[in-house]
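Worksheet: one structure, shown below.
In mature numbering (1 follows the signal peptide of the UniProt record, and there is no 0), the protein residues as written are -24 to -1, 1 to 287.
Below, the structure written as structure tokens:
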């Protein structure tokens, strides 16, 4: 087994990118030391990366202004609720609700009973939401609402229809009303190891917190580790490096709901899923951004080992 320092593992991903530029895009030139063909963009150029400065500045300012919340009963999120509801200060009519009914799943609460239309794009996600709604039913008045279970918001401030839609993910450009993620109980990515999805945070939290920190650092496997589906080509360089240097990195693609052939796992058979308990055995874990939520972040955060988040 190869031994290497933290400095070496930090360099792994950059080495992987240098050796294996992202696959399949003709829009970008991926080699910083060579000229780009006409019509292609050098994604390492100063001009190309200048457009990201506003995001980096926003991240910097957010970190500088961050104040840890020590209050209970979700009071730290009160301003989120107030801001999301400002757009509906004049009230919500049935006509307004009907305008956005195609943007999600309709729910009704009548006499402390919960009803839902038959169609739900992600049934496990709806089940995760319903788990918490059922607990709240004794205290909820009669009402109806539209719940979006997609990965992205629906009601843009500058175009499209306007109306109240609950979404678990949004940016300031949208009128969607945030609701707590269903994934803390049920409905995260469903794989063979977790057929109900990566939910039951109450169980994972206790188990991983114990297992992840029981193994001494020197007893962990001295490799970088990643296991997940190919939702982005950004993950390709690390997987390709793993195929060339298996003693350095164990990074493989698994199936997801969209898998059709080995081409979807970078021209190799899909690997078997690995439980989060097994992740704890490695010294270094890689995180890559997902479509909206990144469900391994909350579990990896329980394990006191270096995590490299490439997003």
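A virtual CB, placed ideally from N, CA and C, is assigned to each residue, including glycine.
- Nearest to residue 72 by C-alpha distance, out of 52, 126, 21, 122, is 122.
- Taking a 10 Å sphere around the C-beta of residue 255, we find 16 or more other C-beta atoms and assign the residue as buried.
- By the criterion of a C-beta distance shorter than 6 Å, residue 120 is surrounded in its chain by 84, once the five residues flanking it on both sides are discounted.
- The three-state reading of DSSP puts residue 225 in strand, counting E and B together.
- Contact fails between the segment 102 to 117 and the segment 23 to 43, because fewer than three Cβ pairs, one in each stretch, are under 8 Å apart.
- In this structure, the alpha-carbon of residue 177 lies about 18 Å from that of residue 110.
- Rounded to whole angstroms, the separation of the alpha carbons of residue 90 and residue 59 is 27 Å.
- Cβ atoms of residue 250 and residue 203 come within 8 Å of each other, at about 5 Å.
- Per the C-alpha coordinates, the member of 140, 161, 158 positioned closest to residue 152 is 140.
- For residue 217, the number of other beta carbons within 10 angstroms of its own is at least 16, and it is reported as buried.
- If you draw a 10 Å sphere on the C-beta of residue 261, you find 16 or more other C-beta atoms in it, and that means buried.
- In the three-state reduction of the DSSP assignment, residue 89 falls in the strand class, which pools E and B.
- A distance of 7 Å or more separates the beta carbons of residue 56 and residue 187.
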